[in-house]
Amino acid sequence: MLSAANRDAPMMPSMLEELEDQREAVAARLKRVREVLALEKKEFAERAGMGMQTYGPFENGTRDLSLQSAKKLRKTYGLTLEFLYFGKIDDLPTRISRAL
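In this note's numbering, the protein residues as written are 644 to 743.
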């Protein structure tokens, strides 16, 4: 049985909802960086060594960004893993961090 305090407490999002939020946040960061660099999706992906079938779902928020792909983005654009996954802008290239 729930106590009165537990009944009134806000429901915590499920793990799946949290993952969905994270996926959407990563997607938004990818799109914003691509726009800052003034690149189309295809060019952004290809420069990083990815095809559109791989990259597109990351930016659309329909697939989690893989570590392998994040490493390619880091190598090509200087996007740190901390930025890609957590939104930390501290160590980004100046051109990108100023525009964000």
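We put the CB at the ideal spot given by N, CA and C, even for glycine.
In this structure, L727 and A713 form a Cβ contact; the two beta carbons are roughly 5 Å apart against a cut-off of 8 Å.
If you draw a straight line from the Cα of E689 to the Cα of K715, it comes to about 10 Å. In the structure shown, T723 adopts coil according to DSSP, grouped into three states.
Here DSSP, grouped into helix, strand and coil, assigns S709 to coil. L673 and F701 have their C-alpha atoms spaced approximately 8 Å apart.
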